[in-house]
Amino acid sequence: MTTVAGRAEEHAMPQQPEHVVVVGAGLGGVRVIEQLRAHGFQGRISLIGAEEHQPYDRPPLSKQILNREWEPERATLRNRAALEALGVSVRLGVRAVALDGTGVALADGRQLAGDTVVLATGAAPRKLPGQPDGVAVLRTLDDALSLRDALDSARSMLVVGAGFIGAEAACAARRRGLDVTVLEAMPVPCERVLGRQVGGLAARLFTEAGVDLRCGARIDRFADEHTVELSDGGMVSAGVVLVGIGARPELGWLDGVGPGNGDGLACDANGRVLATDGVWALGDMAAWRDPARGRFHRHEHWTSAVDQAAVVACDILGVERPAPTVPYVWSDQFGLKIQVLGRTDLVDEVVPLHGEGLDGGPVKGTLVGYFVDDTLVGAVAFGCPAKLVRYRAPVTERADRAAVLALSGSGARLV
Ligand code: FAD
Numbered sequence: 056m057t058t059v060a061g062r063a064e065e066h067a068m069p070q071q072p073e074h075v076v077v078v079g080a081g082l083g084g085v086r087v088i089e090q091l092r093a094h095g096f097q098g099r100i101s102l103i104g105a106e107e108h109q110p111y112d113r114p115p116l117s118k119q120i121l122n123r124e125w126e127p128e129r130a131t132l133r134n135r136a137a138l139e140a141l142g143v144s145v146r147l148g149v150r151a152v153a154l155d156g157t158g159v160a161l162a163d164g165r166q167l168a169g170d171t172v173v174l175a176t177g178a179a180p181r182k183l184p185g186q187p188d189g190v191a192v193l194r195t196l197d198d199a200l201s202l203r204d205a206l207d208s209a210r211s212m213l214v215v216g217a218g219f220i221g222a223e224a225a226c227a228a229r230r231r232g233l234d235v236t237v238l239e240a241m242p243v244p245c246e247r248v249l250g251r252q253v254g255g256l257a258a259r260l261f262t263e264a265g266v267d268l269r270c271g272a273r274i275d276r277f278a279d280e281h282t283v284e285l286s287d288g289g290m291v292s293a294g295v296v297l298v299g300i301g302a303r304p305e306l307g308w309l310d311g312v313g314p315g316n317g318d319g320l321a322c323d324a325n326g327r328v329l330a331t332d333g334v335w336a337l338g339d340m341a342a343w344r345d346p347a348r349g350r351f352h353r354h355e356h357w358t359s360a361v362d363q364a365a366v367v368a369c370d371i372l373g374v375e376r377p378a379p380t381v382p383y384v385w386s387d388q389f390g391l392k393i394q395v396l397g398r399t400d401l402v403d404e405v406v407p408l409h410g411e412g413l414d415g416g417p418v419k420g421t422l423v424g425y426f427v428d429d430t431l432v433g434a435v436a437f438g439c440p441a442k443l444v445r446y447r448a449p450v451t452e453r454a455d456r457a458a459v460l461a462l463s464g465s466g467a468r469l470v
């Protein structure tokens, strides 16, 4: 039988933490703080960041900052005054080196004792074996500023990896008039995200912009910081070499935390780190359980970090979590925006919905639907953002093929 006291407990607000320690002063860390305060959390918040800079946004690094359209300050997410206004105690330029329960050890020897910890330490660029130090990578503001300077005085650039960051860097180099070579191991750029057929459209953006794109290329070794040797014996040299082959989650400092560090720290569908108490993780470092697929998935996209921050804050405070959103990522390449909505991996069929790109016509204006079992699970748009908006609800609701074709008005050409 429930007692009066028991009933009162059932209806009480969930217990709030006293001190939330957020490790990682990037997008995920800042957004979770904003969400905690937006939900009325009054307790202490501490923010730890390894970099000296005020927390900043990364997408502009490979776009506006590399192109000299923005000075670095414009990419700031929240400056020190704004964080103080949120009641956050900020420690920048110091790395967290260990986590013991909910206590965080810092590289300067200090300890922070929270009762709740949020991990948002992002990811670090993957490197190739034997990669010389003088070869550029692009993850941090400092990386972007030094690459920007190097491009200003170079005549040629070699990019290893035709993913989104490699493509945006190649684009910045072409804008400056450099000769650009891009080496990609897969048959097309971004095959994992776009698939083979649509990746072919991304490839056309490179070649139509005058980039020497070489897919299926294998690098044997670096001869030096300007030259690579390919497995077919060919050598490629450039004034600036950038390796953009993805990123690995920043987990090195979390030895023994969670159930074993695979590709991302394993968390449940609310971001709680498995096999821990009072610890959440989000963003590029975290692999959240994907209920739809029954496995863990690490998203490395801006919107995912923002969406996850909202879920984590609600879960910490015990308030209702926001409605699920569909994944979304964008990239600005060679004068147009590529937008990826929903899940475009592991699909059965790709169907052109607008534009003639897949038939050899202009890439710009092409919009493609991704189907599983005749339902729409994703869409990719090349330079037609207004059209993509129309597919957000159908992707979210997993509309059937007939409804999608009616929406696109392209039923006739698909018969
Ligand atoms: P981050 O923003 O990387 O923040 C992690 C922070 O933790 C960093 O500041 C790091 O210094 C700090 N840190 C690391 N280790 C420690 C430690 N031990 N102690 C304390 N602090 C630590 N996504 C898109 O959807 N569209 C885009 O166009 C796009 N462009 C991008 C361009 C670039 C150049 C890059 C690098 C990424 C881009 N992304 C883009 C991805 C997006 O920016 C990331 O998914 C997002 O920043 C992830 O946020 P995060 O908080 O997980 O990691």
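Each residue of the sequence shown is one higher than the one before, starting from 56 at the first, in my numbering. By construction, the Cβ of each residue, glycine as well, lies at the ideal position given by its N, Cα and C atoms.
(message) Rounded to the nearest angstrom, what separates GLN388 and PRO180 at their Cα positions?
(response) Start at 1 with the first residue of the sequence shown, and residue 388 comes out as number 333. Start at 1 with the first residue of the sequence shown, and residue 180 comes out as number 125. Each residue's Cα considered, the two are about 20 Å apart.
(request) With DSSP collapsed to three states, give me the class of GLU158. (result) Within the sequence shown, the letter at position 103 stands for residue 158. With the sequence shown as reference, residue 158 is identified as Gly, and Glu is not the correct amino acid for it. Secondary structure of GLY158 (DSSP, three-state): strand.
(request) Have a look at ALA461 and LEU167 and give me their C-alpha separation to the nearest angstrom. (result) Within the sequence shown, numbered from 1, the residue matching residue 461 stands at position 406. Within the sequence shown, numbered from 1, the residue matching residue 167 stands at position 112. So the alpha carbons of these two residues sit roughly 57 Å apart.
(message) Is TRP125 a contact residue of ligand 1, with contact defined as CB to any heavy atom under 6 Å?
(response) As a working note, residue 125 is residue 70 in the sequence shown. Not one heavy atom of ligand 1 sits closer than 6 Å to the Cβ of TRP125.
(request) Please find out if some non-hydrogen atom of ligand 1 comes closer than 6 Å to the beta-carbon of ARG150. (result) Taking the first residue of the sequence shown as position 1, residue 150 is located at position 95. Proximity of the beta carbon of ARG150 to ligand 1 is indicated: a heavy atom of the ligand is located closer than 6 Å.
(message) Taking the beta carbon of GLU223 as the centre, do at least 16 other beta carbons fall within 10 Å, making it buried, or is it exposed?
(response) As a first step, residue 223 is located in the sequence shown; it is residue number 168 there, counting from the start. The residue in question, GLU223, is buried, as its Cβ has 16 or more Cβ neighbours within 10 Å.
(message) Using a Cβ distance threshold of 8 Å, determine whether the segment 143–156 contacts the segment 249–267, with at least three qualifying pairs required.
(response) These segments do not touch.
(message) Please tell me whether ALA151 and ILE103 are closer than 7 Å, where the distance is taken between their beta carbons.
(response) Locating residue 151 in the sequence shown gives position 96, where the first residue counts as 1. Locating residue 103 in the sequence shown gives position 48, where the first residue counts as 1. A distance below 7 Å separates the beta carbons of ALA151 and ILE103.
(message) Looking at ligand 1, does it come within less than 6 Å of TRP385, judged from the CB to the closest heavy atom?
(response) On the sequence shown, position 330 is the one that residue 385 refers to. Under cutoff, so the answer is yes.
(request) Check whether the Cβ atoms of PHE219 and SER386 lie closer than 7 Å to each other. (result) The sequence position of residue 219 within the sequence shown is 164, counting from 1. The sequence position of residue 386 within the sequence shown is 331, counting from 1. Yes.
(message) Just to confirm before moving on: does the CB-CB distance between GLY294 and ARG210 stay below 7 Å?
(response) In the sequence shown, counting from the first residue as 1, residue 294 sits at position 239. In the sequence shown, counting from the first residue as 1, residue 210 sits at position 155. A Cβ-Cβ contact shorter than 7 Å links GLY294 with ARG210.
(message) Helix, strand or coil, according to DSSP, for GLU246 in the structure here?
(response) As a working mapping, residue 246 is identified with position 191 in the sequence shown. DSSP places GLU246 in helix when its eight states are reduced to three.
(request) Have a look at ARG259, HIS354, ILE100, SER463 and flag the residue whose alpha-carbon is nearest the alpha-carbon of VAL418. (result) Position 363 of the sequence shown, counting from 1, holds the residue named residue 418. It is ARG259.
(request) Check the DSSP bridge columns for GLU404 and list the partner residues they point to. (result) For the purposes of this step, residue 404 is taken as residue 349 along the sequence shown, with counting starting at 1. DSSP lists PHE426 as the bridge partner or partners of GLU404.
(request) Give every residue of the same chain whose Cβ lies closer than 7 Å to the Cβ of GLN71, excluding the five residues on either side of it in the sequence, and list them in chain order. (result) Taking the first residue of the sequence shown as 1, we reach residue 71 at position 16. Around GLN71: PHE96, GLY98, LEU372.
(message) Quick check: does the Cβ of GLU106 come within less than 6 Å of any heavy atom belonging to ligand 1?
(response) Working through the sequence shown from its first residue, we reach residue 106 at position 51. Of the heavy atoms belonging to ligand 1, at least one sits nearer than 6 Å to the Cβ of GLU106.
(request) Using DSSP bridges, identify the partner residues of HIS409. (result) Within the sequence shown, numbered from 1, the residue matching residue 409 stands at position 354. Answer is LEU422.
(message) Report the CB separation of GLY271 from PRO242 in whole angstroms; it is logged as a contact under 8 Å.
(response) One-based indexing of the sequence shown puts residue 271 at position 216. One-based indexing of the sequence shown puts residue 242 at position 187. Yes, GLY271 and PRO242 are in contact; Cβ-Cβ is about 6 Å, under 8 Å.
(message) Out of LEU268, VAL173, GLY158, GLU411, which one is the CA nearest neighbour of MET212?
(response) Counting from 1 along the sequence shown, the entry for residue 212 is found at position 157. Among LEU268, VAL173, GLY158, GLU411, the Cα nearest to that of MET212 is on LEU268.
(message) For ALA342 and GLY319, which I take to be in contact (beta-carbon distance under 8 Å), what is that distance rounded to the nearest angstrom?
(response) Counting from one through the sequence shown, the residue named residue 342 turns up at place 287. Counting from one through the sequence shown, the residue named residue 319 turns up at place 264. Right, the Cβ-Cβ distance comes to about 3 Å (below 8 Å), so this counts as a contact.
(request) Please report how far the alpha carbon of VAL77 lies from the alpha carbon of ASP275, in whole angstroms. (result) Residue 77 sits at position 22 when you count from the first residue of the sequence shown. Residue 275 sits at position 220 when you count from the first residue of the sequence shown. If I take the Cα positions, the gap works out to 41 Å.
(message) My output table needs one value for ASP387: the three-state DSSP class, helix, strand or coil.
(response) The residue given as residue 387 occupies position 332 in the sequence shown. Residue state for ASP387 is assigned as strand, using DSSP reduced to three classes.
(message) Quick check: what's the CA-CA separation for LEU469 versus GLY412?
(response) As a first step, residue 469 must be located in the sequence shown, where it is residue number 414. As a first step, residue 412 must be located in the sequence shown, where it is residue number 357. Low confidence applies to LEU469: its pLDDT is 40, below 50, so where it sits in the model is not reliable, and the reading given next is rough at best. Those two C-alpha atoms are separated by around 15 Å.
(message) So the candidates are VAL248, VAL291, LEU202; which of them puts its Cα closest to the Cα of VAL237?
(response) Mapped onto the sequence shown, residue 237 falls at position 182. That would be VAL291, whose Cα lies nearest to the Cα of VAL237.
(message) According to DSSP, is PRO180 part of a helix, a strand, or is it coil?
(response) Translated into the one-based positions of the sequence shown, residue 180 becomes position 125. Three-state result, PRO180: strand.
(request) State the start and end residues of the unbroken beta strand (DSSP E) segment that holds PRO379. (result) To locate residue 379, count along the sequence shown from 1; it is residue 324. In the DSSP annotation of this structure, PRO379 is not part of any beta strand (DSSP E), being labelled neither H nor E.
(message) Is VAL78 near ligand 1 - that is, is its Cβ less than 6 Å away from at least one heavy atom of it?
(response) For this step, residue 78 is matched to residue 23 along the sequence shown. For ligand 1, at least one heavy atom lies less than 6 Å from the Cβ of VAL78.
(message) Looking at HIS356: is its Cβ nearer than 7 Å to the Cβ of VAL381?
(response) For the purposes of this step, residue 356 is taken as the residue at position 301 of the sequence shown. For the purposes of this step, residue 381 is taken as the residue at position 326 of the sequence shown. No, the Cβ-Cβ distance between HIS356 and VAL381 is not below 7 Å.
(message) Here's the rule: buried if 16 or more other CB atoms are within 10 angstroms of the residue's CB, otherwise exposed. What is SER117?
(response) For the purposes of this step, residue 117 is taken as residue 62 along the sequence shown, with counting starting at 1. With 16 or more other Cβ atoms within 10 Å, it is buried.
(message) Just to confirm, is the Cβ distance from PRO115 to TRP125 under 7 Å?
(response) Residue mapping note: residue 115 aligns to position 60 of the sequence shown, counting from 1. Residue mapping note: residue 125 aligns to position 70 of the sequence shown, counting from 1. TRP125 is positioned such that its CB atom lies closer than 7 Å to that of PRO115.
(request) With a 10 Å radius around its C-beta and 16 neighbouring C-beta atoms as the bar for buried, classify ALA14 as buried or exposed. (result) The first residue shown for the chain is 56 and the last is 470, placing residue 14 beyond what the model contains.
(message) So, for THR131: in the same chain, excluding its five sequence neighbours on each side, which residues have a beta-carbon less than 6 Å away from its beta-carbon?
(response) Taking the first residue of the sequence shown as position 1, residue 131 is located at position 76. Counting only Cβ-Cβ distances below 6 Å, and skipping sequence neighbours, we find GLN109, TYR111.
(request) Consider the C-beta atom of GLY1 and the heavy atoms of ligand 1; say whether any pair is separated by less than 6 Å. (result) Residue 1 cannot be examined here, being either before or after the span of the chain that is shown, 56 to 470.
(request) Using beta-carbon positions only, say whether ARG203 and LEU297 come within less than 7 Å of one another. (result) Within the sequence shown, residue 203 is the residue found at index 148, counting from 1. Within the sequence shown, residue 297 is the residue found at index 242, counting from 1. Cβ distance not < 7 Å, so ARG203 and LEU297 don't count as in contact.
(message) Any heavy atom of ligand 1 closer than 6 Å to the beta-carbon of THR158?
(response) Residue mapping note: residue 158 aligns to position 103 of the sequence shown, counting from 1. The identity of residue 158 in the sequence shown is Gly, whereas the question assumes Thr. Distance from the C-beta of GLY158 to the nearest heavy atom of ligand 1 is not below 6 Å.
(message) Is GLY397 near ligand 1 - that is, is its Cβ less than 6 Å away from at least one heavy atom of it?
(response) Start at 1 with the first residue of the sequence shown, and residue 397 comes out as number 342. Checking the Cβ of GLY397 against ligand 1 gives no.
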